[in-house]
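Numbering of the sequence shown is given in our numbering, commencing with residue 493 and proceeding in unit increments.
Everything below concerns the one structure shown next.
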Amino acid sequence: MGKIMTNQTRTELEPPESLVRSGNMAEKNETDFILNYMSEVEAVAEEILTSKQHMIELDKKRQKSREAIRVLQKDKTSTKQWVCFGNMFIKMPSKETKLLLEKDFDQLDKEISETRQELKPKLRQLRDLEHKDNPKGFHLNPLTKEEMRAVEQML
Numbered sequence: 493m494g495k496i497m498t499n500q501t502r503t504e505l506e507p508p509e510s511l512v513r514s515g516n517m518a519e520k521n522e523t524d525f526i527l528n529y530m531s532e533v534e535a536v537a538e539e540i541l542t543s544k545q546h547m548i549e550l551d552k553k554r555q556k557s558r559e560a561i562r563v564l565q566k567d568k569t570s571t572k573q574w575v576c577f578g579n580m581f582i583k584m585p586s587k588e589t590k591l592l593l594e595k596d597f598d599q600l601d602k603e604i605s606e607t608r609q610e611l612k613p614k615l616r617q618l619r620d621l622e623h624k625d626n627p628k629g630f631h632l633n634p635l636t637k638e639e640m641r642a643v644e645q646m647l
């Protein structure tokens, strides 16, 4: 006697449609999770690269200010200097020009320091997303001028 397969037997051999759907859903959820994870890592990495590029641009401006201050210190003959503000040139006294450049230099230095401080948590976040340990000593801050003076006095 041969076996006759009925529709009921076939459905018993095949996985139920709900399982097939849930398998696809599991794959879809996993794919969505991976895409979300990768996009989050990419976004944090992009922020880090943008911050680094911003620091480079600020440093270039700071170097230009330093060069201009140095030129003004060397030039003892002229009492007035041409200064460019946006689209116009203005002739200003050398002392005022030097003060403006020093103020600009200090402001750029402050912005660079702030950008560095903002960069540290972003790097920490990226390393956490990559499941890597943070490097030791990464949270250290440099000594301030006052702290350096105190150390020098002790030595």
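Here a beta-carbon is modelled for each residue, glycine too, at the ideal position from N, C-alpha and C.
Burial state of A535 (16 or more Cβ within 10 Å)
exposed
Neighbourhood of K624 by C-beta, 7 Å cutoff - its chain only, sequence neighbours within 5 removed
none
Classify K612 as helix, strand or coil using the three-state DSSP reduction.
helix
For the alpha helix (DSSP H) that K637 lies in, which residues bound it at each end?
637-646
Determine, using beta carbons only, whether L593 and A560 come nearer to each other than 7 Å.
yes
CB-CB under 8 Å to M580, same chain, minus the five flanking residues each way: which ones, in chain order?
none
C-beta contact flag for L661 and K590 at 7 Å
Here the chain has residues from 493 to 647 only, and residue 661 is not among them.
Burial state of S531, where buried means 16 or more other Cβ atoms lie within 10 Å:
exposed
Pick out whichever of E588, V533, S605 has its Cα sitting closest to the Cα of L635.
S605
Leaving out five residues on either side along the sequence, give the residues of the same chain with a beta carbon under 8 Å from the beta carbon of E506.
With a pLDDT of 49 at E506, under the threshold of 50, the predicted position of this residue should be treated as unreliable, though the coordinate-derived value follows. None.
In terms of alpha-carbon separation, which member of E638, L550, L621, K572 lies closest to R608?
L550
Taking a contact to mean a Cβ-Cβ separation below 7 Å, would you say D596 touches S557 in this structure?
yes
Note down the Cα distance separating L647 from M640, rounded to an integer number of angstroms.
11 Å
Grouping DSSP H, G and I as helix and E and B as strand, with all else coil, what is K566?
helix
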